[in-house]
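Visitor: Below you'll find the structure I mean.
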Amino acid sequence: MRKALALGMAAAMALSLAACGGSTGESAATSTESASTDTAESAATEETTGDEAAASTGDFNATVLYYAYSDTYISSVRTALDEDLTAAGINFTDYDSNNSQTTQNEYIDTAISNGTDLLIVNQVTSGSSDVANSICDKAEAAGIPVIFFNRAVEEDDNAGAVLGARENIAFVGTDAPEAGHMQGAMIGNYLLENYDAVDLNGDGQISYAMFMGDASNVEAIYRTQYGVEDANAVLTEAGKPELVYFDSSNADKYQLDMTGAWSAQAAMEYMQTNLSQYSTANNNMIELIICNNDNMAEGCITALQAAGYNNGEGTTTIPVFGVDATDSAKQLIASGYMTGTIKQDAEGMAECIALLAQNVANGEDLLAGTDSYTKDTANSLDNKIFIPYQEYTGE
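With mature numbering (1 follows the signal peptide of the UniProt record, and there is no 0) as the guide, the letters of the sequence shown map in order to residues -18 to -1, 1 to 377.
Below is the structure:
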């Protein structure tokens, strides 16, 4: 993995990464720095380092922009994509947009001005055709292809506004409703098999809490909706009552990370407050927890464990479900502290992105070799590639 490059650039990379959030080539896989400024000047300094490294190993340079390194799932995509791009012999520079579209836009401007050959973009503002079109305008003017990934580039009711109207762009992600449907079915089936054990107060119904990662993100919206709707469909078909939200005063029937960061911290704080009022001692315990992602599930488990739940044999375990199948979530499931999750395939996503990047580097059609992938045929978008979800319970 380009050891000579890594050794030759070690001192320069250490200096540049201390000041800003990007990383280059093999070093990108181990960098944990975040973008510390929103200024174009900082981005320019960082990109120069990337171009110098690229020049020593080849002429084709890709720029990879992540919405936030701090997102556990995105971190796993980054690790896999760094490895795949390196294996493909593609020079690349990673950037942490630190959940700021302004920062990401400035990095894009600098990357283009420094002569990047490809933009690989994990768009910060999810589901915004205006933001995506702005990025595409800049790339098109420079003759640069764009590969969007993971976060929706268009509004859900505006499919094709960007992807169907542009040349030389693609999206690699997921079919947004699928995770919610899959999670809801998993929960419903689990409850049918364990209903009496989950119904802690024996009132014949299951009290649940829902944790939402981002109010504007289409993935979060569908997971929040279908995680409950599809579980209810399984329950009612079997003659069981629908789930009951634990707090009757909350008309939304979810607790939202107000920062839009899908964070463990937000979920933990909500759950700590919940547990101060709802408990087995009060005979009103929350009996099921549904989370939009594994980060939030982990935050809930931290709060539960501090209150004496989900600590293994001899303690009451509240079923907790998430999405992503992160390594830490898999460990919690293996330990019996978490019940299940939906795998969002980081390796599969990275592999597809790397294939598209290699097509560009080789002068081939952007979508060459993608016929085996699932596409958005409902909207006739051959350049919108779906990586499938999978259930994960550790079995």
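Ideal Cβ placement from N, Cα and C applies to all residues, glycine included.
All values reported here derive from a predicted model rather than from experimental measurement.
1) Thinking just about the alpha-carbon of each residue, which of 220, 131 and 263 is nearest to the one in residue 182?
2) If you compare alpha carbons, which of 305, 299 and 187 is closest to residue 318?
3) Whole angstroms are fine: how far does the CA of residue 286 sit from the CA of residue 210?
4) Whole angstroms is fine: what's the gap from residue 61's alpha carbon to residue 71's?
5) By Cβ distance, which residues of its chain are closer than 6 Å to residue 248, with the 5 residues on each side in sequence left out?
6) Buried or exposed: residue 301, going by 16 or more other Cβ atoms within 10 Å of its Cβ?
7) Should the region 310 to 326 be called in touch with the region 270 to 280, which here means at least 3 C-beta pairs below 8 Å?
8) Run the CB neighbour count on residue 41, radius 10 Å, all protein chains shown included, and call it buried at 16 or more, exposed below.
9) Can you tell which of 217, 126 and 328 has its C-alpha closest to the C-alpha of residue 54?
10) DSSP beta-bridge partners for residue 373?
11) Using DSSP bridges, identify the partner residues of residue 193.
12) Whose CA, out of 91, 103, 201 and 258, lies closest to the CA of residue 46?
13) Excluding the 5 residues flanking residue 270 on each side, which residues of the same chain have their C-beta closer than 6 Å to its C-beta?
14) Quick check: residue 131 and residue 166, are their CB atoms within less than 8 Å of each other?
15) Could you please give the first and the last residue of the uninterrupted beta strand (DSSP E) stretch that includes residue 215?
16) What separation, rounded to the nearest whole angstrom, lies between the Cα atoms of residue 126 and residue 345?
17) Excluding five sequence neighbours on each side, which residues of the same chain lie with their C-beta closer than 8 Å to the C-beta of residue 362?
18) What first and last residue would you give for the alpha helix (DSSP H) that runs through residue 120?
19) Which of the three DSSP states, helix, strand or coil, is assigned to residue 156?
20) Would you identify the three-state DSSP class for residue 41, choosing helix, strand or coil?
21) Is it buried or exposed, residue 234, if we count other Cβ atoms within 10 angstroms and call 16 or more buried?
22) Whole-angstrom Cβ separation of residue 180 and residue 173, contact assumed at under 8 Å?
23) Go ahead and pull the three-state DSSP assignment for residue 319.
24) CA-CA distance, residue 150 and residue 348?
25) Helix, strand or coil for residue 283? Go by DSSP, reduced to three states.
26) Shortest alpha-carbon distance to residue 197 belongs to which of 109, 56 and 121?
27) Assuming residue 128 and residue 118 are in contact, meaning their beta carbons sit under 8 Å apart, how far apart are those beta carbons, in whole angstroms?
28) At 3 residues or longer, and completely inside the region 46 to 86: list those beta strand (DSSP E) runs for me, N to C.
29) On a Cα-Cα basis, can you pick out the residue from 67, 68 and 124 that is closest to residue 94?
30) Since residue 356 is in the beta strand (DSSP E), which residue starts that stretch and which ends it?
31) Which residues in the same chain as residue 215 place their Cβ atom closer than 8 Å to its Cβ, once the five residues preceding and following it in sequence are excluded?
32) Classify residue 178 as helix, strand or coil using the three-state DSSP reduction.
33) Do residue 277 and the ligand FMN come close, with the Cβ less than 7 Å from some heavy atom?
34) Roughly how many angstroms separate the alpha carbons of residue 355 and residue 369, rounded to a whole number?
35) Helix, strand or coil for residue 256, going by three-state DSSP, please let me know.
36) Quick check on the burial criterion: 16 or more other C-beta atoms within 10 angstroms. Buried or exposed for residue 307?
Guide: Result, derived from the coordinates:
1) In the sequence shown, residue 182 corresponds to position 200, counting from 1. Out of 220, 131 and 263, 263 has the C-alpha closest to the C-alpha of residue 182.
2) Residue numbering aside, residue 318 sits at position 336 when the sequence shown is read from its first letter. Comparing Cα positions, the closest option is 299.
3) In the sequence shown, counting from the first residue as 1, residue 210 sits at position 228. In the sequence shown, counting from the first residue as 1, residue 286 sits at position 304. Approximately 21 Å, taken between the alpha carbons.
4) By one-based count along the sequence shown, residue 61 stands at place 79. By one-based count along the sequence shown, residue 71 stands at place 89. So the alpha carbons of these two residues sit roughly 16 Å apart.
5) As a position in the sequence shown, residue 248 is number 266, starting the count at 1. Non-local beta-carbon contacts of residue 248 in its own chain, meaning distances under 6 Å to residues more than five positions away in sequence, involve 239 in chain order.
6) Here residue 301 refers to the residue found at position 319 of the sequence shown. With a threshold of 16 other beta carbon atoms within 10 Å, residue 301 meets it and is buried.
7) yes
8) As a working note, residue 41 is residue 59 in the sequence shown. Exposed, by the Cβ-count rule.
9) The residue given as residue 54 occupies position 72 in the sequence shown. Ranking the options by Cα distance to residue 54, first place goes to 328.
10) Here the question's residue 373 lines up with position 391 in the sequence shown. Looking at the DSSP assignment, residue 373 forms a beta bridge with 324.
11) In the sequence shown, counting from the first residue as 1, residue 193 sits at position 211. DSSP, once it has assigned bridges, lists 237 and 273 as partnering residue 193.
12) Residue 46 sits at position 64 when you count from the first residue of the sequence shown. Checked all of 91, 103, 201 and 258; the closest Cα to residue 46 is 103.
13) Indexing the sequence shown from 1 puts residue 270 at position 288. Answer for residue 270: 188, 190 and 301, listed in chain order.
14) For the purposes of this step, residue 131 is taken as residue 149 along the sequence shown, with counting starting at 1. For the purposes of this step, residue 166 is taken as residue 184 along the sequence shown, with counting starting at 1. Not in contact: residue 131 and residue 166 (Cβ atoms no closer than 8 Å).
15) The residue labelled residue 215 in the question sits at position 233 within the sequence shown. That residue, residue 215, is in no beta strand (DSSP E); its alpha helix (DSSP H) goes 200 to 219.
16) As a working note, residue 126 is residue 144 in the sequence shown. As a working note, residue 345 is residue 363 in the sequence shown. Their backbone Cα atoms lie some 12 Å apart in a straight line.
17) Working through the sequence shown from its first residue, we reach residue 362 at position 380. Result list for residue 362: 142 and 146, in chain order.
18) The sequence position of residue 120 within the sequence shown is 138, counting from 1. Unbroken alpha helix (DSSP H) run through residue 120: 111 to 124.
19) In the sequence shown, residue 156 corresponds to position 174, counting from 1. In this structure, residue 156 counts as coil in the three-state DSSP scheme.
20) The residue given as residue 41 occupies position 59 in the sequence shown. Three-state result, residue 41: coil.
21) As a first step, residue 234 is located in the sequence shown; it is residue number 252 there, counting from the start. Classification for residue 234: exposed.
22) Along the sequence shown, one-based indexing puts residue 180 at 198. Along the sequence shown, one-based indexing puts residue 173 at 191. About 6 Å; that satisfies the 8 Å criterion.
23) Residue numbering aside, residue 319 sits at position 337 when the sequence shown is read from its first letter. Judged by DSSP in its simplified three-state form, residue 319 adopts coil rather than helix or strand.
24) Here the question's residue 150 lines up with position 168 in the sequence shown. Here the question's residue 348 lines up with position 366 in the sequence shown. C-alpha separation (whole angstroms): 7 Å.
25) Start at 1 with the first residue of the sequence shown, and residue 283 comes out as number 301. Residue 283 falls in the helix class under three-state DSSP.
26) Here residue 197 corresponds to residue number 215 of the sequence shown, with the count starting at 1. The shortest Cα separation from residue 197 among 109, 56 and 121 belongs to 109.
27) Against the sequence shown, residue 128 aligns to sequence position 146. Against the sequence shown, residue 118 aligns to sequence position 136. Indeed, because the Cβ distance is near 6 Å, the residues count as touching under 8 Å.
28) 73 to 78
29) Taking the sequence shown and counting its residues from 1, one reaches residue 94 at position 112. By alpha-carbon distance to residue 94, the top candidate from 67, 68 and 124 is 124.
30) Your numbering for residue 356 matches position 374 in the sequence shown. Counting along the chain, the beta strand (DSSP E) containing residue 356 begins and ends at 356 to 358.
31) Taking the first residue of the sequence shown as position 1, residue 215 is located at position 233. So the qualifying residues of the chain are 166 and 170.
32) Numbered from its first residue, the sequence shown carries residue 178 at position 196. Looking at residue 178 - three-state DSSP - the assignment turns out to be helix.
33) What this structure holds is no ligand at all, so the ligand FMN is not there to describe.
34) Looking up residue 355 in the sequence shown gives position 373. Looking up residue 369 in the sequence shown gives position 387. When rounded, the distance between both Cα atoms is 8 Å.
35) The residue labelled residue 256 in the question sits at position 274 within the sequence shown. The answer is helix: DSSP assigns residue 256 an H, G or I state.
36) For the purposes of this step, residue 307 is identified with residue 325 of the sequence shown, where counting begins at 1. When all chains shown are included, residue 307 counts as buried.
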